[in-house]
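Protein chains in written order, with my numbering: chain S, 1 to 132; chain X, 1001 to 1170.
To start, the structure under review is shown below, and the notes come after it.
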Amino acid sequence: TVGAVALDRNGNLAAGTSTGGMTGKRWNRIGDAPVIGAGTYADNRSCAVSATGWGEYFIRVGVAKAICARMELAGDSAQAASDAVMADVKALGGDGGVIVVSNSGDAIYSFNTSGMYRGRATSEGMNEVAIY
Amino acid sequence: GGWSLAIHGGAGTIARENMSAEDDAAYRTSLQAALDAGAKVLAEGGEALDAVEAVILLLEDDPRFNAGRGAVFTWEGGHELDASIMDGRDRDAGAVAGVTNIRHPILLARKVMTDSPHVMLAGKGAETFAKEQGLETVPAEWFGTDFRREALERMKAKELSALDVDAKFG
Chain S
1 TVGAVALDRN
11 GNLAAGTSTG
21 GMTGKRWNRI
31 GDAPVIGAGT
41 YADNRSCAVS
51 ATGWGEYFIR
61 VGVAKAICAR
71 MELAGDSAQA
81 ASDAVMADVK
91 ALGGDGGVIV
101 VSNSGDAIYS
111 FNTSGMYRGR
121 ATSEGMNEVA
131 IY
Chain X
1001 GGWSLAIHGG
1011 AGTIARENMS
1021 AEDDAAYRTS
1031 LQAALDAGAK
1041 VLAEGGEALD
1051 AVEAVILLLE
1061 DDPRFNAGRG
1071 AVFTWEGGHE
1081 LDASIMDGRD
1091 RDAGAVAGVT
1101 NIRHPILLAR
1111 KVMTDSPHVM
1121 LAGKGAETFA
1131 KEQGLETVPA
1141 EWFGTDFRRE
1151 ALERMKAKEL
1161 SALDVDAKFG
């Protein structure tokens, strides 16, 4: 799975995700990537989210929408909202991670796997990629 | 205003202890190229949607990642690709599921968002829509890599049920 989330200079957010699914999948299994609200979500009132991981759990938790909702309705930070929702995924037995950009420009990761290929950059000068 | 960008290339399929220095460098180079492509769009005043698209186009063509070229194999030995995109301005969204011959599923997802009244299209119908929209198609061989094929063969050799397969070999 690959994904990207962005905030542009006009304050607009967007999210995208693309995937080949899982090795050896059958029965036209569809993971979380194309399910809006699970693997992908963007709302200028809160944040943009793209996920990777065990899709069925992300669908059950509604990961991407849940993160945005916690930020909008409970006032959570992007990191706090993401960590809470990923903990929910883990509690059910799922694994994976999310990238999130908030409407205030925070660019964060949250994941419960040992590795997640990721990167982030901002107009403030941040520019980094990481694997583990 | 300022801009921000975050990207991911999946949760990783190579354990840290098994990743060579060359592999590590290659993954970081690919991620940096994708990050730079999106950052360039944003730094020049472009739209968030275009930055997201710029990142994913590169990663879909990069055989190191499980999307587009380099996608994992299904049980039957094919490829079924999914993608989605969403615009935070108005919560417009587009998604495709289970397409098999579209070089860039993210472009098709965006077309669903911008040029159809729907949010998600799947399978043959999505491919028909892609053809009508003039999107690039490729033969199945485009997506396959030895690394992914061997992963399927290793999995089948273990004679696991498909449920075990999905659970353990994502």
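C-beta: ideal position from N, C-alpha, C; glycine also.
Interface residue (Cβ-Cβ distance to chain X less than 8 Å): tyrosine 132 of chain S is classified as such.
Within its own chain, the residues whose Cβ lies closer than 6 Å to the Cβ of arginine 1103 of chain X, once the five positions on either side in sequence are excluded, are Glu1136 and Val1138, listed in chain order. Residue state for isoleucine 1014 of chain X is assigned as coil, using DSSP reduced to three classes. For glutamate 72 of chain S, there are no C-beta contacts with chain X under 8 Å, since the nearest C-beta of that chain is about 12 Å from it. Cα atoms of aspartate 1090 of chain X and tryptophan 1142 of chain X: separation of roughly 35 Å, rounded to the nearest angstrom.
Taking a C-beta distance under 8 Å as the contact criterion, alanine 38 of chain S and isoleucine 59 of chain S qualify as a contact pair. Taking CB atoms only, methionine 116 of chain S has a neighbour in chain X less than 8 Å away.
Counting only the Cα atoms, alanine 1006 of chain X lies some 7 Å from arginine 118 of chain S. Interface with chain S (8 Å Cβ-Cβ cutoff): histidine 1079 of chain X is included.
With a minimum length of 3 residues, the unbroken runs of beta strand (DSSP E) contained wholly in the region 17-85 of chain S fall at 40-42 and 47-53. Taking 8 Å as the cut-off, the beta carbon of histidine 1008 of chain X is found closer than this to the beta carbon of methionine 116 of chain S.
For methionine 1019 of chain X, the three-state secondary structure derived from DSSP is coil.
Between the region 19-39 of chain S and the region 1016-1025 of chain X, the count of Cβ pairs shorter than 8 Å is below three; the stretches do not touch. For alanine 1157 of chain X, no CB of chain S lies under 8 Å from its own CB, so it is not counted at the interface with that chain. Three or more pairs of CB atoms, one per stretch, sit closer than 8 Å, so the region 1058-1065 of chain X contacts the region 1028-1040 of chain X. Among the CB atoms of chain S, one or more fall inside 8 Å of the CB of glycine 1088 of chain X. Listed along chain S, no residue sits closer than 9 Å to histidine 1118 of chain X by beta-carbon distance, the nearest being about 12 Å off. Asparagine 10 of chain S is a Cβ neighbour of glycine 1001 of chain X, given a cutoff of 8 Å. The way I'd put it, the region 48-62 of chain S does touch the region 92-102 of chain S; three or more beta-carbon pairs between them come closer than 8 Å. Here alanine 80 of chain S is actually not in contact with glycine 1088 of chain X; their C-beta atoms are around 20 Å apart, not less than 8 Å.
The beta-carbon separation of proline 1117 of chain X and leucine 1081 of chain X, rounded to 23 Å, does not stay under the 8 Å limit for a contact. In this structure, glutamate 1053 of chain X keeps its C-beta atom at 8 Å or more from the C-beta atom of valine 1099 of chain X. Contacts between asparagine 1066 of chain X and chain S, judged by CB atoms closer than 7 Å, involve Thr1, Thr19 and Gly20 in chain order. Chain-order list of chain X residues neighbouring tyrosine 41 of chain S: Met1086, by C-beta distance under 7 Å. In this structure, X/Glu1047 is the residue among X/Leu1121, X/Glu1047, X/Ala1151 and X/Ala1025 with its C-alpha nearest to the C-alpha of leucine 7 of chain S. Residue state for threonine 1114 of chain X is assigned as helix, using DSSP reduced to three classes. With respect to isoleucine 1014 of chain X, serine 18 of chain S sits apart: the two C-beta atoms are not nearer than 8 Å. Serine 1030 of chain X and glycine 93 of chain S have their C-alpha atoms some 31 Å from each other.
Closest by C-alpha distance to glycine 1123 of chain X, out of X/Arg1148, X/Ala1095, X/Arg1069 and X/Glu1150, is X/Ala1095.
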